[in-house]
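Asks:
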Amino acid sequence: MKFTEEHEWLRSDGDVVVVGITEHASEQLGDVVFVELPEVGTQVTKGDEVVVIESVKAASDIMAPIDGEITEINEALVDEPGKVNEDPLGDAWFFKVKPSDDGQMDDYMDEDAYKDFIG
Amino acid sequence: MAWPERVRGTDAGLISQIKLALFGRNRMSDALSKTPLHALHVELGAKMVPFAGYDMPVQYGLGVMKEHQHTRAAAGLFDVSHMGQVIVRAEDGYKAVAQAMEGLVPVSLLGLAENRQRYGFFTNDQGGILDDLMMTNRGDHLFVVVNAACKADDIAHMRAGLPDCAVEEITDRALLALQGPQAEAVLEEIVPGVQAMRFMDVAVMDSAYGEMWISRSGYTGEDGYEISVVADQAEAFARALLAHETVEPIGLGARDSLRLEGGLCLYGHDIDTTTTPVEAGLAWAIQKVRRAGGDRAGGFPGADVILGQLESGAPRNRVGLRPEGRAPMREGTPLFAATEGGDPVGIVTSGAFGPTLGAPMSMGYVPHELSETGTPLYGEVRGKRMPATVADLPFVPANFKR
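Chains as they are written, first to last, in full-length UniProt numbering: chain A, 1 to 119; chain B, 1 to 402.
1. Which residues in chain B have a C-beta closer than 7 Å to the C-beta of residue 120 of chain A? List them in chain order.
2. Can you list, in chain order, the residues of the UniProt domain "Aminomethyltransferase C-terminal" (316-396) of chain B whose Cβ is nearer than 9 Å to any Cβ on chain A?
3. State whether the segment 47-61 of chain A contacts the segment 29-38 of chain A, with contact taken as three or more CB pairs (one from each stretch) at a distance under 8 Å.
4. F94 of chain A CB to nearest chain B CB: under 7 Å?
5. Could you tell me whether any Cβ in chain B is nearer than 7 Å to the Cβ of V84 of chain A?
6. Okay, do the segment 298-312 of chain B and the segment 332-344 of chain B touch, 3+ Cβ pairs below 8 Å being the bar?
7. How long is the line joining the alpha carbons of W9 of chain A and F3 of chain A, rounded to whole angstroms?
8. Note down the Cα distance separating K66 of chain B from L29 of chain A, rounded to an integer number of angstroms.
9. Please name the residues in the segment 87-117 of chain A whose beta-carbon is closer than 8 Å to at least one beta-carbon of chain B, in chain order.
10. For the beta strand (DSSP E) that Y378 of chain B lies in, which residues bound it at each end?
11. To be precise: take each residue of the segment 249-282 of chain B, compare its Cβ to all Cβ atoms of chain A, and keep it if any distance is under 8 Å. Which residues remain?
12. By alpha-carbon positions, which one of B:V42, B:V107 and B:V86 ends up nearest to D79 of chain B?
13. For D392 of chain B, I'd like the list of residues in its chain whose CB is within less than 8 Å of its CB, leaving aside the five on either flank, ordered along the chain.
14. Any idea which residues DSSP pairs L10 of chain A with across the strands?
15. Any contact of the segment 150-163 of chain B with the segment 207-215 of chain B, i.e. 3+ C-beta pairs under 8 Å?
16. Could you check what DSSP says for P182 of chain B in three-state terms: helix, strand or coil?
17. Which residues does DSSP list as the beta-bridge partners of P323 of chain B?
18. Against chain B, with Cβ distances strictly below 7 Å, would D23 of chain A count as a contact?
19. How would you call S12 of chain A, buried or exposed, if buried means at least 16 neighbouring beta carbons within 10 angstroms?
20. Starting from Q59 of chain B and walking both ways along the alpha helix (DSSP H), at which residues does that stretch end?
21. Do you know offhand how far K46 of chain A's Cα is from K98 of chain A's?
22. Could you tell me which chain B residues have their CB closer than 7 Å to the CB of F3 of chain A, listed as they occur along the chain?
23. Please check the pair P181 of chain B and A74 of chain B, which I expect to be a contact at CB under 8 Å, by giving their CB distance rounded to whole angstroms.
24. Roughly how many angstroms lie between the CA atoms of G263 of chain B and P65 of chain A, to the nearest whole one?
25. Kindly say whether G14 of chain A, judged by its beta-carbon, lies nearer than 7 Å to any beta-carbon of chain B.
26. Could you work out which residues of chain B lie near V52 of chain A, taking near to mean beta carbons separated by less than 7 Å?
27. Less than 7 Å between CB atoms is the rule here; does V56 of chain A satisfy it with respect to chain B?
28. Is the beta carbon of V86 of chain B closer than 7 Å to that of C165 of chain B?
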């Protein structure tokens, strides 16, 4: 699993990459009350705002961490946004993206580096 | 995720204060004031944020949602010591203070009974609201509680406007709020006698924690009390309250969602110098005696505007809004009359997800002709016009002990 400075995690699963937010991010956000997901088939570029999360505190965007095509979204989050707080690293993944090129995850942090990053 | 995340139009707002604290890298907590309960908040694991110049708890371990629900189900303890407590005296006693103060607020203070409290607001010459406040007849003086962010201005305003009165800021007392259906039972154990108080009653009581100034009021839509206690007893008193299993500490986050469900205005957001009391739906706080035809009609700043609007209505009104779906319409969201085209007809001044309501809720201003309950409107969220319906306030019925 790799981590971004924007507090997202990425996990390779066959030929797609699964994306979610870290426990640290879900704690900082507080109770999540609304999630808006992208459409399957959308072509995304690294840095695109692809998901909107609203918590009791504020609205946040999740950005595409890599270039590629959205192949699957976790629709369960739309009805149960609280899952983002309960299981951010597991059940509450946001979307799967098929990378346009290999190697896009290489520069992201591993778990130890991310732990240092959030200090 | 995008840090800092997108929140529109909340520069002075609670949300942006929360953002600053949660996401800002440079906290300048050294420059912030601390309430007498500061050490207790930290010990209880609160997330502290700068708010109105104070380092305040925005949430504790339960989190905003559960803290909100706990307050509605049992009892919540809030530290509101950042608010201004002010005593106003005149040589000739309460009547003289009340008469003078009626020159600053459109409220009947001469008609306020001893040990009773009234809500009101300081107005400006345009009929706008400088601050909202609670005022109490304490027999030989007037006791006033004002918003933290406005207190220096309010005190200067009173000193200038009440030249024959002594305006004393009380700085050696904390202010706590105990709110929720269990508040009465809990406080009665510590301060016997509070049970007999009715909504908006005020009492000075002796207790194991020194002299307390207690009012049966609050900012949550629940029954409860606000308790002024000497600063050096505040922590012991708070610990005694928290020792009850029905009492949890509640932060500013839940305070905001509770008051919004209760349809209560937050100064600087839902009301400010550009909104009149009539536009804001606060005309109920202006007694008949201060209105046109009353014995003490007018005589406060902006009376011509406010009395005129009381007669013929305001051009715009504060309304409740229920957005469709689950996405909150936050402060600053522009409101439209149609799904496409046209200029904005209004704006959201507060918006959040209502934990008790189980749905998003907002308050905002719309033209009078679009203010009727059931009127369909559209709020532009992230570039899309989302439907919302004008709704009655409060969103969650109040639970006061009248």
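Each residue gets a CB set at the ideal place from its N, CA and C atoms; glycine is no exception. Source: prediction; values computed, not measured.
Replies: According to the structure data:
1. The requested residue 120 of chain A is not part of the displayed model; chain A covers only 1 to 119.
2. G325, R326, A327, P328, R330, A352, F353, P355, P360, V381 and R382
3. yes
4. no
5. no
6. no
7. 5 Å
8. 14 Å
9. none
10. P376 to V381
11. G253 and S257
12. B:V42
13. G320 and T373
14. A:K2 and A:V19
15. no
16. The amino acid occupying residue 182 of chain B in the given sequence is Gln; Pro does not appear at that position. Q182 of chain B: coil per DSSP, three-state reduction.
17. B:A388
18. A quick correction: the sequence has Glu, not Asp, at residue 23 of chain A. Cβ-Cβ to chain B under 7 Å: no for E23 of chain A.
19. exposed
20. It is not in any alpha helix (DSSP H) - Q59 of chain B instead sits in the beta strand (DSSP E) that spans Y54 to Q59.
21. 12 Å
22. Result: empty, since nearest Cβ-Cβ is about 12 Å, beyond 7 Å.
23. 7 Å
24. 41 Å
25. no
26. R382
27. yes
28. no
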